[in-house]
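One structure is given below, encoded as structure tokens.
Protein chains in written order, with our numbering: chain S, 1 to 469; chain L, 1001 to 1469.
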């Protein structure tokens, strides 16, 4: 990371934490240059970058100011208060009807689960594919099915090491995206009828997988910034025969919550005491806006209780379908389950990613992607403040590409979804994120697409629909 | 197909059917030229091709003769006589211990499930990958995850049409290889505890999938040439609450049996009467040695009861992990199950195959591959006749790359497996093909690798081990 990028990140952190409030003047170039011990031109470069990221703006002859939307203008959602009672899951039909509505490419994709493909280095990946296939020994097309591409495994292990997780290579199972890994992990530690603790709101695919595997859900409420309610979890673990937890400890989908390191450590100790395995869904880990990668619960794992699932689908190569799990004590069994269901992720896709991770400039791409997403988040927050009812609440996650809106009680988000769709705008209504159909006045909006006049207009249209409730 | 290739196929059919017996003189070039109405040079080309395929050999100044091994020298295995009783399946550990033994690249791979990668057009596929990725619109990396690559779907539908199956495009679900398709099909029509009719011997992955999904097996015996015993199946369907059948109607793994068209039609009518869905595992369909593609049971399907699963893994692109299912009335539900487990097969792999099927010369490749496999089958049969005990029985399938050996009762194939492995030779012992650990004196040998002195030596070694029992 260059010096000016580091400086920009430091200032961005001050803005996010509220030390530099919206409207506040950013220190002058001369002042910043002196106090940070860098050249004025480094400060300028940092400020240009912050301007690009939508966090500050220049006012003629007055210097730089924190933009109004740079911290949220709408308050954050309330903490949910679901009773943690086991529930049968039956949400698939609703999810599929929502997903089906996203197919029209002319729809404004606020309901999408992916960022814009324009944000990914697809041409560079294609070159890596060519190199990867050229260097692949013919026997590897068969050998790599069982073990996974060895260079890809090495590169993933190196990234774990860089964020403080020492991983025996045998723990790593490459999978068809994280969703397969999550499915396999769950099958590894549960039987039909078992109880699994999940988040509320939860990623809707979690609910679908539970439904498919005939598992029951205990919903643990998630605070929009701080993550799951540990007390509630502790009480559920004591009262109920919970067989596994499926949590996103960082940049939770849909709320964007990230647990603090202390809370992650406490979560691990709690699970360790009860010997309940954690399936840690960490697919947004690389999309943090702060200075460094959030540490996973896996980094506290002493006895292989945590299955940590990651993926390249959200941050580099959507459609390639390459994910993985650091499977702890369950790794061998997970690998065998994979051999029995899909055998292997695509060998060429593995080879392409192995080449890209070595030579493609992954960290440079990630920095650009994070900055683009942060700017887009600012734009959507500002538009929401302009167009949505004043009693709307919204999350302000420190990464990812989703905002979670809590509208006034009078808003029915399934109806909102239908009305918006009629205007060519998709969104993800709250009830698809709950086994018990809660969050009827909430919605998840995707800001993963470059912000333009059409996006702005779509927010205005949503505002008009919301006002009519 | 060129004229000389057609002629060669006609003569090959005469050899296979026994009209031209081993040792018999093949008609002279002059005679053949007259009787087939082709030029002498066409006959020469056809004979060269048959020589390449290991079916005939020239004797100096005497003309061409059918090679001794061109029809089997060892008799075919007996029809099994398993009692069709429901059985719990518990074979995974055994299968994994056998598969684990295949990892050493120096082992003679008679136990492998794949043909040699040298037989596949990997460089041409890499070019198709480059073209496919170049032509892929950025949105497609996301859109193709749900629907599948549209050109790939079209190409697969065209191949169905060419062999007489009219397929509404909506029936086609692209999958992570056929094994995922088979898994999804089974989940679609069964619940844990249900009964599924399978073959005996059966592909071991079938057994593993049943075990994983907690399904019970009814084993239906397979005749080494004619396929499953329909009477036995009919009686099972009457006596037992069978929820689905998983059969390979052509080139069955491991026996190589292909049902006649009449028998396939009768199978369909039987299942239709009982309204029991058929999961038709047809992954070896393209590897027939005869003049034309065997017709699938799916071609008789009037009401969407047959789920027909295919793949490119055995005939074109191992490791790409692209298969499909023509899912009949279950297609939509299968597609949804896939979205909930792996979302999608790799989009680049789909694009590469779509390009290859259009421009790569698939049918030319398949002809070459079939001829290579047929020659290799001849070589392994001849070696077996030379080296194995005279009371050994062996299948002689009209396609694929597996031979099924039934050794004298005194041979314990699990012990044979261990002894052979100690000599650097792998094989697939009979019991991994049975839910009830039958076939203890049988083994499957793979002839999918170019035949050389090492292969010949390995057969001799196996012969010595067999003799010692």
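Using N, Cα and C, we set each Cβ at its ideal position, and we do this for glycine too.
The region 1134-1143 of chain L and the region 1263-1275 of chain L do not touch, with fewer than three beta-carbon pairs separated by less than 8 Å. Within the region 6-76 of chain S, the alpha helix (DSSP H) runs of at least 4 residues that lie entirely inside it are, in chain order, 29-36 and 40-52. Per the Cβ contact rule, the region 181-189 of chain S is in contact with the region 273-285 of chain S (3 or more Cβ pairs under 8 Å). Contact annotation: in the region 332-357 of chain S, residues whose CB is within less than 8 Å of a CB in chain L are 336, 337, 339, 340, 341, 342, 343, 344, 345, 346, 347, 348, 349 and 352.
For residue 1019 (chain L), the number of other beta carbons within 10 angstroms of its own is below 16, and it is reported as exposed. For the options S:226, S:261, S:210 and S:390, the alpha carbon positioned closest to that of residue 246 (chain S) is the one of S:210. If the five residues before and after residue 36 (chain S) are omitted, its C-beta is found closer than 7 Å to the C-beta atoms of 7, all from its own chain and listed in chain order. By the beta-carbon neighbour count (other beta carbons within 10 angstroms, threshold 16), residue 1199 (chain L) is buried. Scanning the region 161-200 of chain S from its first residue to its last, the whole alpha helix (DSSP H) runs of 4-plus residues come out as 177-189. Beta-carbon to beta-carbon, residue 1324 (chain L) and residue 1174 (chain L) are separated by about 5 Å, close enough to satisfy the 8 Å threshold. Residue 96 (chain S): not part of any beta strand (DSSP E); member of the alpha helix (DSSP H) spanning 92-100, first to last residue. Contact residues of the region 1086-1099 of chain L toward chain S are 1092, 1096 and 1099 (C-beta to C-beta distance below 8 Å). Counted as a single uninterrupted DSSP element, the stretch harbouring residue 445 (chain S) is not any alpha helix (DSSP H) but the beta strand (DSSP E) occupying residues 442-446. According to the DSSP secondary-structure assignment, residue 221 (chain S) is paired through a beta bridge with S:200. In the DSSP assignment, the residues bridged to residue 405 (chain S) are S:394 and S:443. Nearest neighbour of residue 429 (chain S) by Cα position, chosen from S:436, S:418, S:337 and S:169, turns out to be S:418.
Taking C-beta atoms as the reference points, residue 1287 (chain L) and residue 1361 (chain L) fail to come closer than 8 Å. When secondary structure is reduced to three states using DSSP, residue 214 (chain S) falls in the coil class, being assigned neither helix nor strand. At a cut-off of 8 Å between beta-carbon atoms, residue 307 (chain S) makes no contact with chain L. The three-state secondary structure of residue 131 (chain S), taken from DSSP, is helix. In this structure, DSSP gives residue 1308 (chain L) an extended state, which the three-state scheme calls strand. DSSP links residue 108 (chain S) through a beta bridge to S:425.
Between residue 196 (chain S) and residue 217 (chain S), the C-beta spacing is below 8 Å. Secondary structure note for residue 332 (chain S): its alpha helix (DSSP H) is the uninterrupted segment 331-341. Counting along the chain, the unbroken beta strand (DSSP E) around residue 1242 (chain L) starts and ends at 1242-1247.
With the rule of 3 Cβ pairs closer than 8 Å, the region 1108-1119 of chain L does not count as touching the region 1225-1241 of chain L.
Rounded to whole angstroms, the gap between the alpha carbons of residue 133 (chain S) and residue 1322 (chain L) is 17 Å. Put simply, the region 160-175 of chain S touches the region 333-351 of chain S. At least three CB pairs are less than 8 Å apart. With fewer than 16 other Cβ atoms from the protein chains shown falling within 10 Å of its own Cβ, residue 61 (chain S) counts as exposed. Comparing alpha carbon positions, the residue from S:376, S:354 and S:422 closest to residue 155 (chain S) is S:354. If you check each beta-carbon in the region 145-158 of chain S against every beta-carbon of chain L, the ones closer than 9 Å belong to 145, 146 and 147. Only those residues of the region 1164-1190 of chain L whose C-beta falls short of 7 Å from the nearest C-beta of chain S are listed: 1176, 1177, 1179, 1180 and 1183.
For residue 357 (chain S), the uninterrupted alpha helix (DSSP H) segment begins and ends at 347-359.
Only those residues of the region 1308-1326 of chain L whose C-beta falls short of 7 Å from the nearest C-beta of chain S are listed: 1318, 1319, 1320 and 1321. Counting the other CB atoms within 10 Å of its CB gives residue 335 (chain S) a total of 16 or more, which places it among the buried residues. Assignment of beta-bridge partners to residue 87 (chain S) by DSSP yields S:217.
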